[in-house]
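Beneath this line is the structure, given in structure tokens, with notes to follow.
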Amino acid sequence: MLEIDNLHATVGGTEILRGLSLEVNAGEVHAIMGPNGAGKSTLAYVLGGRPGYEVTAGSVSFNGQDLLALAPQERAAAGLFLGFQYPVEIPGVSNVQFLREALNAQRKARGEEPLSGGEFLKLAREKAGLLKLDMEMMKRAVNVGFSGGEKKRAEMVQMGILDPAFAVLDETDSGLDIDALRVVGEGINAIMRKPDKGVLLITHYQRLLDYVRPDFVHVLARGRIVKSGGAELAHQLESEGYEAVAA
Amino acid sequence: MNAITLPTKRDEEWRYADFAALETLAPEAFGEWKAIELAAGETRRKCLVLDGSGPELHRVRLTVGEGARAELFAVNAGADYTRLEVVVRLAENAHFEFGGVTIGGGEATREFVTRVEHAEPEATSHQVVRSVHWGQATGNFLGRIEVARDAQKTDAAQDFKGLILERGASTNAKPELEIYADDVKCAHGAAIGQMDETARFYMAARGIPPEVARKLLVRAFVADAFTALADEGEQERMLDAALKVLGEAL
Ligand SMILES: Nc1ncnc2c1ncn2[C@@H]1O[C@H](COP(=O)(O)OP(=O)(O)OP(=O)(O)O)[C@@H](O)[C@H]1O
Ligand SMILES: [Mg+2]
């Protein structure tokens, strides 16, 4: 579904990704772990097409399409969702307005009919309920004044509404309290654990992986995948650390 | 009748004006003040959309009686030099509310010039101006506040923000305070910035194309000028009027 081959990317003239290769098939959840500054968020941004993140070599294919040739909004319409490590605040634009614009823009790009206001609200209410986020929060400006954990839950409500084929989730677990972690974990499973979907889960901790069980775990260090394994690798990393396991 | 004195570049209130455009106006235009008087306790609201094709000069003199409330909201989106100038005199306990948006590209200068005289105690004024420009355009807000000696408990606020969409456009804010009373609250703020690129990428990552994202962000930005406009229908109408030029141009 997603094939990353020998990806090199620079940020501000510095090479951060240095020959990263990874393949995720439909129906799989892959976890990526790795030390601070390894390039995990850089990978997420490169996949999302963020300006300033320049690909200097390598390729990414998404469902047979050249992902890197698409503009960010085209990648979203093609079914890619990027969960941000630091969700962005947009003063003056409500979540409802933002997500309705987003969903209908994606539908339009795919040649589908837009959702009416009523249909959209019904969908938003359902997904907010799934993530136990008060619908009142959906009427507020995007992420403005949200706590760290609320932002992460709101991201998952967004994912539920947009219903992507593939999600790259960058530290969605950070900032969540114990109960919220379970709600978010179950939310990810409900939305993304499907035979035709794929997930790349970037995380530092085992605890999210207790809910969203990964099929594969990779260690990203110095801009490339240095070790891969099954779910047990995450346990090993947690008890022994990156230095020992992936040196 | 007063003799008409024509402005010069040296006059503070005209320092950013487009004199080449002004020269095309008849001298009489400068003497045309629209006088509006609000009786004690009266409330009046006016919403203006200035979107002419030639140079325009609008001058208003507002006299706001005791406890009265004057609200003025304006979109200044003229294709050429367009100036709205408002001189306000506030009696005791009176209020002046102003929300203005200058928006546009090309080479035009669009400006609001207000002079608010707090002549008596306990009057309040609240002014919010947002300027959004591209091309070689300029947007200005010159706001002068005068607080008379016995106008105690005056509360006056001015808030300006400029959004530059393209290099080459500019905005100017010039607050001027002349305060003779001592128990007075005067707040003013001015900031100029560019489009939030992080927000634009966030929107793009959710599938929103750049031109739609820009429209949403500009709408949110200018909406501040109309939050005090209680009538939601009017609010929408003003926002649409402001956003119309953006849609046509970019
Ligand atoms: N604009 C930039 N200019 C130069 N270097 C940058 C820039 N942005 C990020 N970097 C560097 O790229 C490297 C990788 O950053 P990245 O955010 O991808 O790390 P990460 O693996 O997500 O780390 P963390 O676990 O802390 O989130 C870091 O060394 C960082 O300092
Ligand atoms: Mg990171």
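Just so you know, the sequences run in chain order H and D.
Mind the numbering: the first sequence is residues 837 to 1083 in this note's numbering, read in order.
Mind the numbering: the second sequence is residues 661 to 910 in this note's numbering, read in order.
Heads up, the beta-carbon is just placed ideally off N, CA and C, and yes, glycines get one too.
TODO: Kindly say whether Gly907/D, judged by its beta-carbon, lies nearer than 8 angstroms to any beta-carbon of chain H.
DONE: no
Task: Other residues of its chain near Phe881/D: CB distance less than 8 angstroms, five sequence neighbours each side excluded - done: Cβ neighbours of Phe881/D beyond the five flanking positions: Arg790, Val792, Lys821, Leu823.
Task: Within chain H, the residues that Phe881/D reaches when beta carbons sit closer than 8 angstroms - done: Gly928
TODO: Answer with buried or exposed for Ile840/H, where buried requires no fewer than 16 other C-beta atoms within 10 angstroms of its C-beta.
DONE: So Ile840/H counts as buried.
Task: Member of Glu896/D, Leu708/D, Leu825/D whose CA lies at the smallest distance from the CA of Arg860/D - done: With distances taken between Cα atoms, Arg860/D lies closest to Leu825/D.
Task: Contact with chain H by Tyr862/D, beta-carbon distance below 8 angstroms - done: So yes, Tyr862/D belongs to the interface.
Open item on the list: Below 8 angstroms on the Cβ atoms is my contact criterion, and I expect Glu726/D with Glu752/D to pass it. Report the Cβ-Cβ distance as a whole number of Å.
Closed with: 5 angstroms
Open item on the list: Determine, for Pro887/H, whether the minimum Cβ-Cβ distance to residues of chain D falls below 8 angstroms.
Closed with: With 8 angstroms as the cut-off, Pro887/H counts as an interface residue toward chain D.
TODO: Use the C-beta contact count for Ile997/H: other C-beta atoms within 10 angstroms, 16 or more gives buried, fewer gives exposed.
DONE: The residue is buried, with at least 16 neighbouring Cβ atoms inside 10 Å.
Task: Which of helix, strand or coil DSSP assigns to Pro927/H - done: strand
TODO: Following the continuous beta strand (DSSP E) through Thr784/D, name the residue where it begins and the one where it ends.
DONE: From DSSP, the beta strand (DSSP E) with Thr784/D extends over 784-793.
Task: C-alpha distance - Leu717/D paired with Lys845/D, whole-angstrom precision - done: 31 angstroms
- [ ] Pull up the CB-CB distance for Phe1002/H and Gly1034/H, whole angstroms please, since I reckon it's below 8 angstroms.
- [x] 5 angstroms
TODO: Give a yes or no on whether the minimum CB-CB distance between Pro950/H and chain D is below 8 angstroms.
DONE: For Pro950/H, the nearest beta carbon of chain D is not closer than 8 angstroms to its own beta carbon.
Open item on the list: Are the CB atoms of Leu838/H and Arg1060/H within a distance shorter than 8 angstroms?
Closed with: no
Open item on the list: What I want to know is whether the C-beta of Gln1042/H ends up closer than 7 angstroms to one or more non-hydrogen atoms of ligand 1.
Closed with: no
Open item on the list: Nearest by alpha-carbon distance to Ser713/D: which of Gly766/D, Glu871/D, Ala699/D, Ser830/D is it?
Closed with: Among Gly766/D, Glu871/D, Ala699/D, Ser830/D, the Cα nearest to that of Ser713/D belongs to Gly766/D.
TODO: Please work out which residues of its chain come closer than 6 angstroms, Cβ to Cβ, to Arg729/D, disregarding the five sequence neighbours upstream and downstream, and give them in chain order.
DONE: Thr703, His755
Task: Boundaries (first-last residue) of the beta strand (DSSP E) holding Leu710/D - done: 703-710
Task: Cut-off 6 angstroms between Cβ atoms - residues of its own chain near Ser1075/H, not counting five sequence neighbours on either side - done: none
Open item on the list: In whole angstroms, give me the CA-to-CA distance for Asp1032/H and Lys988/H.
Closed with: 24 angstroms
Open item on the list: Can you determine whether any heavy atom of ligand 2 sits closer than 7 angstroms to the C-beta of Gln921/H, and answer yes or no?
Closed with: With a cut-off of 7 angstroms, the C-beta of Gln921/H is classified as near ligand 2, since at least one heavy atom of the ligand falls inside that distance.
Task: Val776/D - DSSP class collapsed to helix/strand/coil - done: strand
Open item on the list: Alpha carbons only, please: which of Gly795/D, Leu750/D, Val788/D is nearest the one belonging to Ala817/D?
Closed with: Val788/D
Open item on the list: Between which two residues does the alpha helix (DSSP H) holding Tyr881/H run?
Closed with: Unbroken alpha helix (DSSP H) run through Tyr881/H: 876-884.
Open item on the list: So, for Trp693/D: in the same chain, excluding its five sequence neighbours on each side, which residues have a beta-carbon less than 6 angstroms away from its beta-carbon?
Closed with: For Trp693/D, same chain residues with a beta-carbon under 6 angstroms away, outside a window of 5 residues either side, are Arg719, Arg721 in chain order.
TODO: Leaving aside the five residues before and after Arg879/D along the sequence, list all residues of the same chain whose C-beta is less than 7 angstroms from its C-beta, in chain order.
DONE: Leu899, Leu903
Open item on the list: For ligand 1, is there any heavy atom lying closer than 7 angstroms to the beta carbon of Ala874/H?
Closed with: Checking the Cβ of Ala874/H against ligand 1 gives yes.
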